[in-house]
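Colleague: Numbering (our numbering), first residue to last: 34 to 726.
1) For the structure I just gave you, are there three or more beta carbon pairs, one from the region 308–319 and one from the region 266–275, closer than 8 Å?
2) Could you have a look at residue 386 and say whether DSSP puts it in helix, strand or coil?
3) Can you check which of these residues, 78, 101 and 63, is closest to residue 475 by C-alpha distance?
4) Please classify residue 402: is it buried, with 16 or more other beta-carbons within 10 angstroms of its beta-carbon, or exposed?
5) Report all residues from its chain with a CB closer than 6 Å to the CB of residue 364; omit the five preceding and five following residues, and keep chain order.
6) Does residue 715 pass the burial test, meaning 16 or more other C-beta atoms within 10 Å, or should it be called exposed?
7) Pull up the distance between the alpha-carbon of residue 576 and that of residue 157, whole angstroms please.
8) If you reduce the DSSP assignment to three classes, tell me which class residue 401 lands in.
9) With a cut-off of 8 Å on the beta carbons, I'd call residue 246 and residue 708 a contact; round off their distance for me.
10) So, do the region 282–301 and the region 233–251 have three or more beta carbon pairs nearer to each other than 8 Å?
11) Would you call the CB atoms of residue 633 and residue 666 closer than 7 Å?
12) Helix, strand or coil for residue 167 per DSSP?
13) Is it true that the CB of residue 146 sits closer than 7 Å to the CB of residue 703?
14) Can you give the Cα-Cα distance for residue 719 and residue 93, rounded to whole angstroms?
15) Looking at residue 179 and residue 101, is the spacing between their C-beta atoms short of 7 Å?
16) Quick check: the Cα distance between residue 74 and residue 597, rounded to an integer number of angstroms?
17) At what residue ranges does the region 652–714 contain a whole run of the alpha helix (DSSP H), taking only runs of 4 or more?
18) Does residue 66 come out as helix, strand or coil in the three-state DSSP assignment?
19) If residue 161 sits next to residue 283, beta carbons under 8 Å apart, how far is it from one beta carbon to the other, in whole angstroms?
20) With a floor of 3 residues, list each beta strand (DSSP E) that falls wholly inside the region 593–663, ordered by position along the chain.
21) With DSSP as the reference, label residue 100 as helix, strand or coil.
22) Does the pairing of the region 589–606 with the region 619–633 give three or more beta-carbon distances under 8 Å?
23) Between which two residues does the beta strand (DSSP E) holding residue 576 run?
24) Please report the residue range of the beta strand (DSSP E) in which residue 326 lies.
25) Does DSSP put residue 456 in a helix, in a strand, or in coil?
26) Less than 8 Å between the CB atoms is what I'm expecting for residue 310 and residue 275, so what's the real figure, rounded?
27) How many Å lie between residue 647 and residue 553 at the Cα?
28) What are the complete alpha helix (DSSP H) segments, minimum 4 residues, inside the region 208–237?
29) When the Cβ atoms of the region 523–532 are set against those of the region 541–555, are three or more pairs found closer than 8 Å?
30) Examine the Cβ distances between the region 452–462 and the region 408–423 and report whether three or more of them are shorter than 8 Å.
31) Does residue 558 pass the burial test, meaning 16 or more other C-beta atoms within 10 Å, or should it be called exposed?
32) Going by C-alpha to C-alpha distance, which of 562, 538 and 613 sits closest to residue 586?
33) Taking residue 185 and residue 259 to be in contact with their CB atoms under 8 Å, please state how far apart those CB atoms are, rounded to whole angstroms.
34) Please report how far the alpha carbon of residue 485 lies from the alpha carbon of residue 478, in whole angstroms.
35) If we call anything under 7 Å between Cβ atoms a contact, is residue 379 one with residue 372?
36) With a threshold of 6 Å on Cβ separation, who are the neighbours of residue 335 within its own chain once the five nearest residues in sequence on each side are excluded?
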């Protein structure tokens, strides 16, 4: 692997020698909303990564989790070619410890499937906070957060009517004969802006060096609209709506393992048919003399899923189980004000969400449906404040405080036995309150070198499904509530260096965190019945280092690399924590050839060392890998009635390597196969075009 890394780095020198007369060009800064309002990423002490619009367009057909995993310290748990879950510094989105936000508003309800609801074509950029973010975003922001910023029409909204951001894009990939299309219609003028998107994505079972992976088909349809009206110069009202429906096979992750390629052992077939989302939001933005900025939103989201499972893993194995998951219905909002002074910037806000899980119905072997989950409701209301003080030497000191009040309740079931009913009554109408706080510092050292440091607390309140779980799967299994379940708590320290000048940006961050009362599911047997219950059992420590670098070698040649190392330990057992990625990273070279105007060539390599530090009761060792990719794009400019026509081409996994990502889920009670752990696609040719009107 060291030899392959050296060869990749050598490519930089070859390309540089070819263009030694080209002048230098500054690297551009990035504006993000990671601290609940727009500001330069250079003014934020937290570890923030951004996947920009250009990167999204170049990486043809990649899923949203694949794009996110390009950030240091972020790994993907793959779930086919269209989705997956993300792991940030040892914490997983599937365990509600890395929440997803959309335009700064919380998305919740499908932790294992939420990223399958979006296609990259809908997204302007992706912001990732690596490290705890509870002080700004509340419960669940244990390992970090991911914020998807969706597209909006651009242009002169106060001029005459004009088309804006209108195009048709189509992408094709060979590994699964997949297509991804978006028709986008935009218009601006007379104070209005509107953007309508129609999306379609389809793929068959994908190919790997080990053969085709069954049950990895997907079919996705969605419609999104974002329209606004700007008035009084700096005020804007916005309406956002979205409807999504997808059907897909579920393999990989804890839900789908061991999958459908496990011929020598137990196989599990799961199909989502469908997963449906309905969403509407009303937003307001105001800017008064660049000194007082307002941002408020109200939104409603409704989810529904039908899961077909054959067979069902448990102490009984019927031929087929169908789960009909109604909800949650979520009502939420935020109200944020930012006051910008000469040296002190103050941000204050209130946010809330109300989550209503109606029910889960189940049918066994096409029999009658029966209810197997109580109706649960959870309300979280919070207030927060952030102070940022800029000193005369350009140092920035920030302090933030947040308090969350959470209420969890559920409807009772008259069919419960007296003993079980007593447990549920004790757990009902649960109220939790938690304050989280943090400090951050950016301190100039010399030239473009800065010291950065952060101290943050974090927490995760028990989910309604942990407080009041599914009632029962069969007469031989029972899920019990736990009225004594505590909030998960964490304390994290970060320190490191940043360097920025006209041609180089780099970050080196060290972090360590202590966590207690982590919630896990325990089981035991009594009287022929297997009981399951969420319990606080784990104390853990997670430490690591992250490094990233972007170097503008020449005006048309840029080199990027990052790497991360994470180490986790269960402080009760002394064993390594599961789901911790080994040393891993990526390297990339982007080149804009002068001999071919308006084009790019990009090479990237993704690598991971062998995973040997494991808890052998739940994991096996995993081989390392180095995967090479190449991308090329060319804009043909104005073509007939088209404003622009561009072509993109890519080859991923050039050498057709058979590998599973380091955190691809494996059910160790079953033999290894192409779906246990789920391996990634083999050599994949990609082709796409974008026609702008």
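Backbone N, C-alpha and C fix where the C-beta goes; we use that ideal spot for every residue, glycine too. Note that the structure is a prediction, hence the values are computed from the model and not measured.
Modeller: Considering the structure as presented:
1) yes
2) strand
3) 78
4) exposed
5) Non-local C-beta neighbours of residue 364 in its own chain, meaning closer than 6 Å and more than five positions away in sequence, comprise 333 and 387, ordered along the chain.
6) The residue is buried, with at least 16 neighbouring Cβ atoms inside 10 Å.
7) 32 Å
8) coil
9) 6 Å
10) yes
11) Going by C-beta atoms, residue 633 is nearer than 7 Å to residue 666.
12) helix
13) no
14) 7 Å
15) Closer than 7 Å, so yes.
16) Taking the straight line joining both Cα atoms gives about 20 Å.
17) You should have found no qualifying run.
18) Residue 66 carries a coil assignment under DSSP once its states are collapsed to helix, strand and coil.
19) At roughly 25 Å, the Cβ-Cβ gap does not stay under 8 Å, so residue 161 and residue 283 are not in contact.
20) 617–624 and 632–641
21) Reduced to three states, the DSSP call for residue 100 is helix.
22) As far as the Cβ criterion goes, the region 589–606 touches the region 619–633, which means the pair count is three or higher.
23) 562–587
24) 325–343
25) helix
26) About 7 Å separates the Cβ atoms of residue 310 and residue 275, confirming a contact at the 8 Å cut-off.
27) 18 Å
28) Listed in chain order, there is nothing to give.
29) Contact between the region 523–532 and the region 541–555 is present, because at least three Cβ pairs lie under 8 Å.
30) no
31) exposed
32) 538
33) 5 Å
34) 10 Å
35) For residue 379 and residue 372, yes; Cβs fall inside 7 Å.
36) 311 and 362
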